[in-house]
Amino acid sequence: MTVVNARRLLELFDGGVLRLAGSYPRAVSVDDDGWRVWRPGGEEAERFDHVVNGTGFQQPALHRSPGGVSLSLSGGATAVDRLDADLRVRPHPGAPPEPVWLAGVGTHVRIPFANHLRNVVRQAHLVAEAIAGTGPGAPSGP
16 MTVVNARRLL ELFDGGVLRL AGSYPRAVSV DDDGWRVWRP GGEEAERFDH VVNGTGFQQP
76 ALHRSPGGVS LSLSGGATAV DRLDADLRVR PHPGAPPEPV WLAGVGTHVR IPFANHLRNV
136 VRQAHLVAEA IAGTGPGAPS GP
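Residue numbers for the sequence shown follow this note's numbering, so the first one is 16 and each next one is one higher.
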């Protein structure tokens, strides 16, 4: 990472725009009130309006539960093996997108070298614009 990018990230952290999670989620699920994220060792779920997966050094296999309402890194669910250009998770091909975006190494199912900084920055811009409602892939609701 260059000093310029490091400074940009620090400004975003200092400004409260970004928050760094202490660990990779144990599980993620959705209900009418939004997304719930469970962390390893935690009993309570955190609630979010949007979820962006943009971390990791290996190619994680993200799995969807049979009912389609939860995502996890463990087995017992169907692997997310397809990702469209908007980087949003869909329960099956042709389905409307979920308000879940992947960025970085998690996009390896679509983009080779998904952890390349240029790709990750482009993906982060796409996801940020979509969440802000200013770009393609903007959510229409949870």
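Ideal Cβ positions, reconstructed from N, Cα and C, are used throughout, including at glycine.
For my contact list, G83 and R62 are in at a C-beta cut-off of 8 Å; report their separation, rounded to the angstrom.
-> In fact, because the Cβ distance is near 19 Å, the residues do not count as touching under 8 Å.
Going by beta carbon distance, what residues of the same chain come within less than 7 Å of R103, once the five residues before and after it are set aside?
-> P112, E113, V115, W116 and G152
Continuous beta strand (DSSP E) stretch holding D46: start and end = A42 to D46
In the DSSP assignment, find the unbroken beta strand (DSSP E) run with L86 in it and report its ends.
-> S85 to S87
With DSSP as the reference, label R23 as helix, strand or coil.
-> helix
For R125, collect the residues of the same chain with a Cβ closer than 6 Å to its Cβ; drop the 5 residues on either side in sequence, then sort them by chain order.
-> L98
So what's R105 in DSSP terms, helix, strand or just coil?
-> coil
Exposed unless 16 or more other CB atoms sit within 10 angstroms - verdict on R79 | buried
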